[in-house]
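>
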Amino acid sequence: MNHITIDGIIKEEARMELFREKDGTETPMLVFLLLDTGAPFSKKRPTCIEVNFKKGDAATSIYPYMKTGKPVIVYGSLETKGSRDPRYYIAAEIVKFMPKGDAA
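Counting from 115, one number per residue, gives the positions in the sequence shown under our numbering.
#1: Output yes or no for whether 7 Å exceeds the beta carbon distance between valine 186 and phenylalanine 167.
#2: Can you name the residues that DSSP bridges to methionine 130?
#3: In chain order, which beta strand (DSSP E) runs of at least 3 residues are fully inside the segment 151-179?
#4: By how many angstroms is the C-alpha of threonine 174 removed from the C-alpha of leucine 134?
#5: Within a Cβ cutoff of 7 Å, which residues of the same chain sit near proline 142, ignoring the five residues on either side of it in sequence?
#6: For threonine 119, collect the residues of the same chain with a Cβ closer than 6 Å to its Cβ; drop the 5 residues on either side in sequence, then sort them by chain order.
#7: Out of Glu140, Ile124 and Val165, which one is the CA nearest neighbour of threonine 151?
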């Protein structure tokens, strides 16, 4: 498993989805796009990556605050979905808000 810590800003309003577990139960999952602008003074182009946060009550409680432009730090594992055209996403374990001036 590849763990990653990344900071950036929320690119689009977050949405809540229901994730069906293997046992058939449904868990609320927060889904949003994170814009990573890279290190300061980097010539890299900004990168967007989908973040999935399935911590039930935590995901539901932070959902109202997940607005476009809000700076966040995400810790989780880098995963892929799809077999023909795989896409990367972060399966988040922790999502923290940052003060406005700290976003890279």
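Note that the Cβ used here is the ideal one computed from N, Cα and C, for glycine as well.
According to the structure shown:
#1: Start at 1 with the first residue of the sequence shown, and residue 186 comes out as number 72. Start at 1 with the first residue of the sequence shown, and residue 167 comes out as number 53. Against a cut-off of 7 Å, the Cβ pair of phenylalanine 167 and valine 186 comes out as no contact.
#2: Mapped onto the sequence shown, residue 130 falls at position 16. Beta-bridge pairing links methionine 130 to Leu144.
#3: 161-167
#4: Along the sequence shown, one-based indexing puts residue 134 at 20. Along the sequence shown, one-based indexing puts residue 174 at 60. A small fix is needed here, since residue 134 is arginine in this sequence, not leucine. If I take the Cα positions, the gap works out to 16 Å.
#5: For this step, residue 142 is matched to residue 28 along the sequence shown. Result list for proline 142: Met130, Leu132, Gly170, Ala173 and Thr174, in chain order.
#6: Mapped onto the sequence shown, residue 119 falls at position 5. For threonine 119, where only same-chain residues beyond five positions count, the Cβ hits under 6 Å are Tyr189.
#7: Working through the sequence shown from its first residue, we reach residue 151 at position 37. Nearest C-alpha to threonine 151: Ile124.
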